[in-house]
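Trainee: Here it is: the structure, laid out below.
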Amino acid sequence: MEDYEPDEGSNGTKSVEPWGIRALPLDYAPIKPYVEKAHNVVKFEREGNCVHCHEALESGKGLQPMCPHDGCEAMGHLDCWSKHALKGEPKEILLPLSCTCPSCGGKINWSDMMKELTLRVRGPKEVAKLLKKKRRTKKEIAAEAEAEEDI
1 MEDYEPDEGS NGTKSVEPWG IRALPLDYAP IKPYVEKAHN VVKFEREGNC
51 VHCHEALESG KGLQPMCPHD GCEAMGHLDC WSKHALKGEP KEILLPLSCT
101 CPSCGGKINW SDMMKELTLR VRGPKEVAKL LKKKRRTKKE IAAEAEAEED
151 I
């Protein structure tokens with residue numbers, strides 16, 4: 001399989017936009033809000049009950065995926081999410097592709113939910129790095145102050 005460069009633009013110049021494999025996101029920045037939401041729920045032990053079986057979720061124990069949708073903090077046991085997602089599927093299907101959150105009704109991409117869960121459980125350093133607030137330079141602070149004075 002070959003990956004060909006995109007055609008030249010109308011002005012005859014090559015595109016500076018990444019293409020092919022270089023266009024794939026290699027960091028977790030696209031799911032930062034989701035990671036931050038789950039991190040805050042777990043950090044403050046607000047897991048609550050499983051959204052599927054309604055049993056209490058033990059903080060810091062087990063694999064407990066969370067709904068990625070804004071405003072929804074539904075969490076549950078991994079096996080409960082899986083059973084819910086595979087309900088009505090042929091027995092040959094082992095991993096779901098998607099499911100629906102029983103709390104908010106939003107469609108969930110299974111791979112996104114597993115990416116966040118894996119990062120939370122196995123990558124605390126990556127989570128800390130992703131959520132770390134960037135330090136502002138003196139130049140940025142001065143520019144903000146100047147902009148406020150102009151108002």
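Just so you know, the UniProt record's numbering puts 114 at position 114 of the sequence shown, and the rest follows in order with no gaps. Note that beta-carbon positions come from the ideal geometry of N, C-alpha and C, so glycine has one too. None of the values given here were measured: they were computed from a predicted structure.
Can Trp-81 and His-52 be called in contact, C-beta distance under 8 Å?
Mentor: Cβ distance < 8 Å, so Trp-81 and His-52 count as in contact.
Trainee: Considering only DSSP beta bridges, list what Ser-82 is partnered with.
Mentor: DSSP output for Ser-82 lists no bridge partner at all.
Trainee: Considering only C-alpha positions, which residue in the set Lys-134, Met-66 and Lys-125 is nearest to Ser-111?
Mentor: When only C-alpha atoms are compared, the closest one is Met-66.
Trainee: For Thr-137, which of helix, strand or coil comes out of DSSP?
Mentor: Three-state DSSP puts Thr-137 in coil, outside helix and strand.
Trainee: Is the region 30 to 37 close to the region 109 to 124, with three or more CB pairs under 8 Å?
Mentor: Judged by Cβ distances under 8 Å, the region 30 to 37 makes contact with the region 109 to 124, as three or more pairs qualify.
Trainee: According to DSSP, simplified to helix, strand and coil, what is Ile-31?
Mentor: Residue state, collapsed to three classes: helix.
Trainee: Would DSSP call Lys-107 helix, strand or coil?
Mentor: Strand, per DSSP.
Trainee: Buried or exposed: Ile-108, going by 16 or more other Cβ atoms within 10 Å of its Cβ?
Mentor: By the 10 Å Cβ count, Ile-108 comes out buried.
Trainee: Tell me Ser-98's beta-bridge partners as DSSP assigns them.
Mentor: According to DSSP, which records beta bridges pairwise, Ser-98 is partnered with Asn-109.
Trainee: Check the DSSP bridge columns for Ala-56 and list the partner residues they point to.
Mentor: Ala-56 is bridged to Asn-49.
Trainee: If we ignore side chains and look at the alpha-carbon of each, how far apart do Glu-89 and His-69 end up?
Mentor: Their Cα atoms are separated by approximately 24 Å.
Trainee: Check the C-beta distance from Pro-75 over to Gly-48 and give it rounded, since I have them as a contact under 8 Å.
Mentor: It is Met, not Pro, that sits at residue 75 in the sequence shown. Sure, about 7 Å apart at Cβ, within 8 Å.
Trainee: Report the CB separation of Leu-130 from Tyr-28 in whole angstroms; it is logged as a contact under 8 Å.
Mentor: That pair is a contact at about 5 Å.
Trainee: Can you find the residues in the same chain that come closer than 6 Å, C-beta to C-beta, to Glu-73, ignoring five residues on each side of it along the sequence?
Mentor: The answer, listed in chain order, is Val-41.
Trainee: Please look up how many angstroms separate the CB atoms of Ala-85 and Pro-102, rounded, as I've assumed it's under 8 Å.
Mentor: Ala-85 to Pro-102, Cβ: 11 Å. No contact.
Trainee: With hydrogens ignored, establish whether the beta-carbon of Glu-146 is closer than 7 Å to any heavy atom of the ligand ATP.
Mentor: For the ligand ATP, the structure offers nothing, since it holds no ligand at all.
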